[in-house]
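Notes for the one structure printed next.
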Amino acid sequence: MKKNGNNFIYIYGAVDTWSATGVPPSDKTNSVWFMMDGKDHRTARIVNMTASERKLFIDTMEKWLKGYRIRNVANITPDLMKLFYVLSALAVKIS
Numbered sequence: 139m140k141k142n143g144n145n146f147i148y149i150y151g152a153v154d155t156w157s158a159t160g161v162p163p164s165d166k167t168n169s170v171w172f173m174m175d176g177k178d179h180r181t182a183r184i185v186n187m188t189a190s191e192r193k194l195f196i197d198t199m200e201k202w203l204k205g206y207r208i209r210n211v212a213n214i215t216p217d218l219m220k221l222f223y224v225l226s227a228l229a230v231k232i233s
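Below, the structure written as structure tokens:
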């Protein structure tokens, strides 16, 4: 994951003991890491991100999804379509 794990978003809570076993940040991939201050396993969530974290999250997803024709369901996988709708709902909810 440190060398070949592209297009992953890692969200960890700074006070979550499980974060100690997380994938460490690497400049070898285009993945993005969030270490959310004061958050734990239950609260390190997209809806609890700061404005700057949300912006980075949304900008990253838009960059990765660029080129996909989201409105044309026949050209994308059901999993990608589901992901897009979930992220769209989150972006609207948290914006």
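In this note's numbering, the protein residues as written are 139 to 233. Think of the CB as a built atom: it goes at the ideal place given N, C-alpha and C, for glycine as much as any other residue.
- In the structure shown, residue 161 falls within a coil segment according to DSSP collapsed to helix, strand and coil.
- Annotation: the continuous alpha helix (DSSP H) that includes residue 199 extends over 189-203.
- Bounds of the beta strand (DSSP E) holding residue 151 are 147-151.
- If the five residues before and after residue 170 are omitted, its C-beta is found closer than 6 Å to the C-beta atoms of 147 and 198, all from its own chain and listed in chain order.
- Nearest to residue 157 by C-alpha distance, out of 164, 191, 166 and 178, is 178.
- If you draw a straight line from the Cα of residue 187 to the Cα of residue 167, it is about 22 Å long.
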